[in-house]
Amino acid sequence: MVVENKQVDLLVVGGGAAGLSAALTAERRGLSCQVLEAQERLGGRLWSIRSDADAMWVDLGGQLVNGDMSRVLRIARDAGLHLAPVAGTGAVKTVLADDRVYRDLARNSEGWMDMLLTPELVARAQAATSAPTLSEVLDWLNLDQQEAQLIRSTICEMFGHPAEALDGLGAILETQTFRSQRSDIEFQFRRGFSGIIEQLASSLRQAPLLQTPVHAISRHGERIIARTDAGEWSAAHLVIAVPPPVVRHIQLDLDDVDSHLTAALDSFVGGELIKFILTFDTPFWRYTGLSGQVEYLEPAGLNLVDGSLDDGSHPRLVAFLGGPLARQWAGQSAGWRRQALLDLMAKAFGEQVYQVRSVHEGNWVDHRWCAGAYNSHIRAGGMSDACEYLASWGKGIAFAGAEYAASYRGFVEGALDSGEKAVLRLLDAAG
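Just so you know, we're using my numbering here: the sequence shown kicks off at 947 and counts up by one.
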């Protein structure tokens, strides 16, 4: 499709949760709006596929929510999406570097995020003459060796990078935005998380345009111009709702682009993560009193959880591999990754894991349009407050996304909030 100077009140670059939330907010206030999405699908890091062989939906990206994420739950209610509880009973296993396996050792490290948020530690990170890495911040906690290893492995999975590659204060600021005392893995959607995206998209008056990447953004008088392969779009306001590492590939011909903006965008690295969903005939782990959750000290960055639904479908385990090993595995074949994963799982569960029915994977390492998963984070040596800076930057232009959220940063809940607030800020500034 070719467009010739199409004009709208608001343009949104990116059709993930933040972009769709921004578009809905604008339309509800009477603005004309167009979402431009580079991929052939909406959703960004939310990607659900239908597995006919397993007769179920499978989330290759985001999957889990908790009961305090009210925006997501409200959309789920309006869409009539079934929420299935995540199995949480049973013992947790921890696999050590020497292949020893313990039950419930992981529970000893559950409070590590609270440790990061003590006023004394936050003040120390803020007062440091040179920005500490997250690894250096963890050293301040004086943990015993095994607990420190477990926390570092968890960080590798959560952030997609080892602690020494991440900015310490940036990680603290991100952790502070998680506004819940509950676990973040309480519920999942039988239909898959893409059901949330479908509900958002179906509520728009103007359908998003797919396979329409934006290559350049410029300002001409009072209008903002976005250039695509199909032509140019003109708008009074524009929301950039793609991850910061992806923004770096868009040419910004704007008079308010300065070294601070460049430094802020350069501060982010996409998380290196591969997700696996494995289905089985029986939940064999439960027969020995296990929850299905496994945390590995070696290899660092591997975590398993029971992702079974409550509808009688095949039981399933979900594996998350984050950090340097995910990057190494990404260069291997899917068959190689499957075998390597099963071999590691066998250390925790035994030979029964090899009776797997199916394996689905989402490889997010260096994803062209999402940069990585679960999120993008502040790298060591980056601007600790890059998220806050970008969330308030721009004249007629605003950034939106899970990275910039003031609450639940890195989660879909935060992306939805960020999209709405970006539009409200633009409208307030315009008077």
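Every residue gets a Cβ at the ideal spot worked out from N, C-alpha and C, and that includes glycine. Since we're looking at a predicted model, the values are computed, not measured.
What's the gap between the Cα of residue 1040 and the Cα of residue 1243?
-> In this model, residue 1040 and residue 1243 are separated by some 7 angstroms (Cα to Cα).
Please specify which runs of the alpha helix (DSSP H), each continuous and at least 4 residues long, are wholly inside the segment 1166-1208, giving them in chain order.
-> Segments of the alpha helix (DSSP H) lying fully in the segment 1166-1208: 1190-1193.
Can you find at least 3 beta carbon pairs, one from the segment 1019-1028 and one from the segment 1129-1136, that sit closer than 8 angstroms?
-> Counting Cβ pairs under 8 angstroms, three or more are found: they touch.
Would you mind listing the alpha helix (DSSP H) stretches within the segment 1029-1110 that are 4+ residues and don't spill past its ends, in chain order?
-> Fully enclosed alpha helix (DSSP H) runs of 4 or longer: 1058-1062, 1065-1073, 1080-1085 and 1091-1105.
Opening and closing residue of the alpha helix (DSSP H) in which residue 1239 lies = Careful: residue 1239 lies outside any alpha helix (DSSP H), inside the beta strand (DSSP E) at 1236-1242.
Out of curiosity, what's the CA-to-CA distance linking residue 1143 and residue 975?
-> C-alpha separation (whole angstroms): 20 angstroms.
Can you grab the Cα-Cα spacing for the pair residue 1316 / residue 1119, in whole Å?
-> Put simply, the backbone Cα of residue 1316 is about 22 angstroms away from that of residue 1119.
Measure the Cβ-Cβ separation of residue 1163 and residue 1010 and say whether it is below 8 angstroms.
-> Contact flag unset, no.
Residue 1095 burial status per 10 Å Cβ neighbour count (16 or more: buried) | Residue 1095 counts as buried, since at least 16 other C-beta atoms from the protein chains shown sit within 10 angstroms of its C-beta.
Own chain, CB closer than 7 angstroms to residue 1082, minus 5 neighbours either side, in chain order = Cβ contact annotation for residue 1082 (same chain, cutoff 7 angstroms, sequence separation greater than five): 1114, in chain order.
Pick from 1124, 1275 and 1248 that is closest to residue 1363, judged by C-alpha positions | The option with the nearest alpha carbon to residue 1363 is 1124.
Between the segment 1170-1179 and the segment 1325-1337, do three or more beta carbon pairs fall short of 8 angstroms?
-> The segment 1325-1337 and the segment 1170-1179 do not touch, with fewer than three beta-carbon pairs separated by less than 8 angstroms.
How is the beta strand (DSSP E) around residue 956 delimited, first residue to last?
-> Per DSSP, the unbroken beta strand (DSSP E) holding residue 956 starts and ends at 952-959.
Since residue 1183 contacts residue 1370 with CB under 8 angstroms, what's their CB separation in whole angstroms?
-> In fact, because the Cβ distance is near 11 angstroms, the residues do not count as touching under 8 angstroms.
Which two residues bound the contiguous beta strand (DSSP E) that contains residue 1003?
-> Here the beta strand (DSSP E) through residue 1003 covers 1002-1005.
List the whole-angstrom C-beta distance separating residue 1014 from residue 1099, where the pair is believed to meet the contact cut-off of C-beta under 8 angstroms.
-> The pair is not a contact, with the Cβ atoms about 26 angstroms apart (cut-off 8 angstroms).
State the Cα-Cα distance for the pair residue 1253 and residue 1376, rounded to the nearest angstrom.
-> So the two alpha carbons sit approximately 46 angstroms from each other.
Residue 947: buried (16+ other C-beta within 10 angstroms of its C-beta) or exposed?
-> Caution applies to residue 947, whose pLDDT of 47 falls short of 50 and renders its modelled position unreliable; the value that the coordinates give is listed next. By the neighbour-count definition (other C-beta atoms within 10 Å, threshold 16), residue 947 is an exposed residue.
Start and end of the alpha helix (DSSP H) containing residue 1114?
-> Where residue 1114 is concerned, the enclosing alpha helix (DSSP H) stretches over 1114-1122.
Near residue 984, what residues of its chain come up, given a Cβ to Cβ distance below 6 angstroms and the 5 sequence neighbours on each side ignored?
-> In its chain, beyond the 5 residues on either side, 1159 and 1315 have a beta carbon closer than 6 angstroms to the beta carbon of residue 984.
Taking the CB atoms as reference points, tell me whether residue 1322 and residue 1217 lie closer together than 8 angstroms.
-> Result yes, Cβ atoms of residue 1322 and residue 1217 sit closer than 8 angstroms.
Going straight from the alpha carbon of residue 1069 to that of residue 1063, what length do you get?
-> Their backbone Cα atoms lie some 10 angstroms apart in a straight line.
What do you reckon, are the CB atoms on residue 1339 and residue 1248 nearer than 8 angstroms?
-> No. Outside cutoff.
How is the alpha helix (DSSP H) around residue 971 delimited, first residue to last?
-> 963-974 is the span of the alpha helix (DSSP H), which, as asked, contains residue 971.
Proximity to residue 1293 [Cα-Cα], best of 1112, 1046, 993 and 1358 | When 1112, 1046, 993 and 1358 are compared, the shortest CA-CA separation from residue 1293 is found for 1046.
Whole-angstrom C-beta distance between residue 1365 and residue 971, which should lie under 8 angstroms = Residue 971 to residue 1365, Cβ: 7 angstroms. Contact.
Check the C-beta distance from residue 1223 over to residue 1262 and give it rounded, since I have them as a contact under 8 angstroms.
-> About 6 angstroms separates the beta carbon of residue 1223 from that of residue 1262, a gap short enough to meet the 8 angstroms contact definition.
Taking the alpha-carbon positions, what's the residue 967 to residue 1018 distance?
-> Distance between the alpha carbons of residue 967 and residue 1018 is about 11 angstroms.
Would you check if the segment 1026-1034 and the segment 1150-1159 touch, i.e. whether three or more CB-CB distances between them fall below 8 angstroms?
-> Flag = no, the segment 1150-1159 and the segment 1026-1034 do not touch.
In angstroms, rounded to a whole number, what distance separates the CA positions of residue 1037 and residue 1270?
-> In a straight line, the C-alpha of residue 1037 is about 28 angstroms away from that of residue 1270.
Residue 1260: which of 1297, 1288 and 1303 sits nearest, CA to CA?
-> Out of 1297, 1288 and 1303, 1303 has the C-alpha closest to the C-alpha of residue 1260.
Whole-angstrom distance between residue 1033 and residue 965, CA atom to CA atom = Distance between the alpha carbons of residue 965 and residue 1033: 32 angstroms.
State the DSSP-derived secondary structure class of residue 1255, mapped to helix, strand or coil.
-> It is coil, neither helix nor strand.
Contact set for residue 1345: own chain, Cβ-Cβ below 6 angstroms, skip 5 residues either direction | Taken in chain order, the residues that qualify are 1186 and 1336.
As assigned by DSSP and simplified to three states, the class of residue 1293 = Helix, per DSSP.
Reference residue 1256; option with closest CA among 1102, 1229, 1280 and 1192 | Residue 1256 has its Cα closest to that of 1229, out of 1102, 1229, 1280 and 1192.
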